[in-house]
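Peer 1:
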Amino acid sequence: MRIIKYIKIITLALVFSLIGNVQPTAIASTSKKTYEATKIKAFNEIRNATDRGNAQILKLNYEISASFPSDLRKIYMAQARYTSKLVSTFLPENEVVNIYLYTEKDASKIARHEILSRDAGSFQRWFDEWRQGKSQEHNLGLAAWYTQSSLGWQGHAGLIAYSGANAKSMRRYAIQVLPHEYFHVVQDYYLNKERDFSWPSYDLYAKYSPPTFREGSANTISFALATKNVKEYLSLYRYFIGEKKSQKEVKFFEEMSSPAEVVTALKLMENNNNRQDVHEASYAVGQLLYEWVIAEYGFDGYRKIIQNQIKVDSFAENIQLSLGISVDELYNKAAPHLVAAFKYGY
Ligand SMILES: [Zn+2]
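Going by the working numbering, 75 is the number at position 84 of the sequence shown; the sequence numbering is gapless.
1. Classify Glu36 as helix, strand or coil using the three-state DSSP reduction.
2. Give a yes or no on whether the C-beta atoms belonging to Val177 and Phe81 are separated by under 7 Å.
3. Judging by CA-CA distance, which residue of Lys24, Lys23 and Lys30 is the nearest neighbour of Tyr281?
4. Looking only at DSSP bridge pairs, what is Glu54 linked to?
5. Mapping DSSP to helix, strand and coil, what is Ala275?
6. Within the region 115 to 147, note down every full alpha helix (DSSP H) run reaching 4 residues or more, in order along the chain.
7. Just list the residues that DSSP pairs Leu150 with in beta bridges.
8. With H, G and I counted as helix, E and B as strand and the rest as coil, what does DSSP make of Thr16?
9. Could you tell me whether the region 234 to 248 touches the region 305 to 323, where touching means 3 or more Cβ pairs closer than 8 Å?
10. Are at least three pairs of beta-carbons, each pair with one atom in the region 111 to 122 and one in the region 76 to 90, less than 8 Å apart?
11. Rounded to whole angstroms, what's the CA-CA distance from Glu234 to Lys100? Just pull it up for me.
12. Just the C-alpha distance for Asp304 and Tyr199, rounded to the nearest angstrom, thanks.
13. So what does DSSP say about Ser249, is it helix, strand or coil?
14. Along the chain, where does the alpha helix (DSSP H) containing Val330 start, and where does it finish?
15. Taking 7 Å as the threshold (C-beta atoms), are Arg72 and Ala46 in contact?
16. Let me know if Leu279 comes out buried or exposed under the rule of 16 or more other beta-carbons within 10 Å of its beta-carbon.
17. Find the nearest neighbour of Ile285 within the set Val254, Ile212, Glu252 and Val269, judged by alpha-carbon distance.
18. Classify Met161 as helix, strand or coil using the three-state DSSP reduction.
19. Check whether the Cβ of Ala209 sits closer than 6 Å to any heavy atom of ligand 1, and report yes or no.
20. Going by the C-beta, is Glu206 closer than 6 Å to any heavy atom of ligand 1?
21. With a CB to CB cut of under 8 Å and the five nearest residues on each side skipped, what residues in its chain are close to Leu182?
22. With a CB to CB cut of under 8 Å and the five nearest residues on each side skipped, what residues in its chain are close to Phe244?
23. Nearest by alpha-carbon distance to Arg345: which of Asn130, His175, Val269 and Met247 is it?
24. Starting from Phe306 and walking both ways along the alpha helix (DSSP H), at which residues does that stretch end?
25. Answer with buried or exposed for Lys76, where buried requires no fewer than 16 other C-beta atoms within 10 angstroms of its C-beta.
26. So, are the CB atoms of Tyr91 and Ala134 less than 7 Å apart?
27. Quick check: Asn262 and Ala307, are their CB atoms within less than 7 Å of each other?
Have a look at this one:
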């Protein structure tokens, strides 16, 4: 009798501990296996869409500085060709894309350049640091637009690297900068070309193209295009999310521990002026959001968001039209994926 009583107590304790394990936290959270499967699915969706493209339909013009490091030149030209395959699935035939690879030695040329002079002021502090032997592992986005100039409407993408750099001296993040800048050409094409006006205010621009979409989804694409395979893709994420978790000045990276926190953060990240750390956080947080979108709705679901930009009057309308859900629903559904990213660290 006594033994049976003990067994009953032990059984009850077991049942309670099992119930304890399936409490809401366990239901709401994403397992590591599910998290990784979502990432791999997004990677494969992006790569399959790229492999269906034909870079030959575009006209690529290269402007490359004689001072540009030769091994980096090879890597970035190969990336420009590969990214062109994906870009070719968005742009019409014979569209012109200019690819720029410059160094600090081209500072005065950049300052005089009709297109590249736009951001010329922001490079000076980097050039000064490079000359002092600092921060030479960083490359800088130089152009990332589909825009109108004396050449007509054309794509412009490129970067600046330190003239004394080489592939081994660059930080890991540098490997995806060219595909990232190049993909902005595609985003801009559907946002700007047929609208044919310059944005009267940043607030209006952000209403159509919030930072998590512009910077974030360009990173989703560039991480998949700049890595050789799934293993490298996951490894680049491990490096990047690890770096973000130690970046204490960006408060958002400490506000990713529950779906509710993530939804609040995503709403704040709809405009760079909402908080001073929005811009920096929008890359990593946005790229995880669109990684989830691409895994869930396929690359063609994401393609709709890009292409519908011209058909709508806000990002909220775009998400409704493209995915058939509200922005709030999008954030709520994707939130567990973002929580998992910061929990598992990749
Ligand atoms: Zn960007």
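Quick reminder that beta carbons are idealized off the backbone N, C-alpha and C, glycines included. This one's a predicted model, so the numbers in the text were calculated from it and none came from an experiment.
Peer 2: Looking at the coordinates:
1. Numbered from 1 along the sequence shown, position 45 holds the residue referred to as residue 36. In this structure, Glu36 counts as helix in the three-state DSSP scheme.
2. Locating residue 177 in the sequence shown gives position 186, counting from the first residue. Locating residue 81 in the sequence shown gives position 90, counting from the first residue. In contact: Val177 and Phe81 (Cβ atoms closer than 7 Å).
3. By one-based count along the sequence shown, residue 281 stands at place 290. Of the listed residues, the one whose Cα sits closest to Tyr281 is Lys30.
4. Position 63 of the sequence shown holds residue 54. Note: Glu54 sits in a beta bridge opposite Tyr91.
5. As a first step, residue 275 must be located in the sequence shown, where it is residue number 284. Three-state result, Ala275: helix.
6. Runs of alpha helix (DSSP H) with 4 or more residues, each lying fully within the region 115 to 147, are found at 115 to 122, listed in chain order.
7. On the sequence shown, residue 150 is found 159 positions in, with the first residue counted as 1. Leu92 and Gly132.
8. For this step, residue 16 is matched to residue 25 along the sequence shown. Because Thr16 carries a pLDDT of 44, less than 50, the predicted location of this residue cannot be relied on, and the following value inherits that uncertainty. Looking at Thr16 - three-state DSSP - the assignment turns out to be helix.
9. With the cut-off at 8 Å, the region 234 to 248 and the region 305 to 323 do not touch.
10. The region 111 to 122 vs the region 76 to 90: no contact.
11. In the sequence shown, counting from the first residue as 1, residue 234 sits at position 243. In the sequence shown, counting from the first residue as 1, residue 100 sits at position 109. So the two alpha carbons sit approximately 34 Å from each other.
12. Sequence index remark: in the sequence shown, residue 304 carries index 313 (1-based). Sequence index remark: in the sequence shown, residue 199 carries index 208 (1-based). Using only the alpha carbons, I get a separation of about 7 Å.
13. Translated into positions along the sequence shown, residue 249 becomes position 258. Ser249: coil per DSSP, three-state reduction.
14. Stepping through the sequence shown from its first residue, residue 330 is reached at position 339. That run of the alpha helix (DSSP H) goes Val318 to Tyr335.
15. For the purposes of this step, residue 46 is taken as the residue at position 55 of the sequence shown. For the purposes of this step, residue 72 is taken as the residue at position 81 of the sequence shown. Result yes, Cβ atoms of Ala46 and Arg72 sit closer than 7 Å.
16. Within the sequence shown, the letter at position 288 stands for residue 279. Around the Cβ of Leu279, a 10 Å sphere holds 16 or more other Cβ atoms; the residue is buried.
17. As a position in the sequence shown, residue 285 is number 294, starting the count at 1. The shortest C-alpha to C-alpha distance from Ile285 to any of Val254, Ile212, Glu252 and Val269 is the one to Ile212.
18. If you number the sequence shown from 1, residue 161 lands on position 170. Shown here, Met161 sits in coil according to DSSP, grouped into three states, outside any helix or strand.
19. Translated into the one-based positions of the sequence shown, residue 209 becomes position 218. Checking the Cβ of Ala209 against ligand 1 gives yes.
20. Here the question's residue 206 lines up with position 215 in the sequence shown. Short note on Glu206: C-beta closer than 6 Å to some heavy atom of ligand 1.
21. Translated into positions along the sequence shown, residue 182 becomes position 191. Around Leu182: Tyr199, Ser200, Gln300 and Ile301.
22. Translated into positions along the sequence shown, residue 244 becomes position 253. Lys235, Lys236, Gln238, Ala272, Ala275 and Phe333, listed in sequence order.
23. A question about residue 345 goes unanswered here, because the residues of the chain that appear run from -8 up to 337.
24. Taking the sequence shown and counting its residues from 1, one reaches residue 306 at position 315. That run of the alpha helix (DSSP H) goes Phe306 to Leu314.
25. Against the sequence shown, residue 76 aligns to sequence position 85. With at least 16 other beta carbons inside 10 angstroms of its own, Lys76 counts as buried.
26. Numbered from its first residue, the sequence shown carries residue 91 at position 100. Numbered from its first residue, the sequence shown carries residue 134 at position 143. It is a contact, given that the beta carbons lie within the stated cut-off.
27. As a first step, residue 262 must be located in the sequence shown, where it is residue number 271. As a first step, residue 307 must be located in the sequence shown, where it is residue number 316. Not closer than 7 Å, so no.
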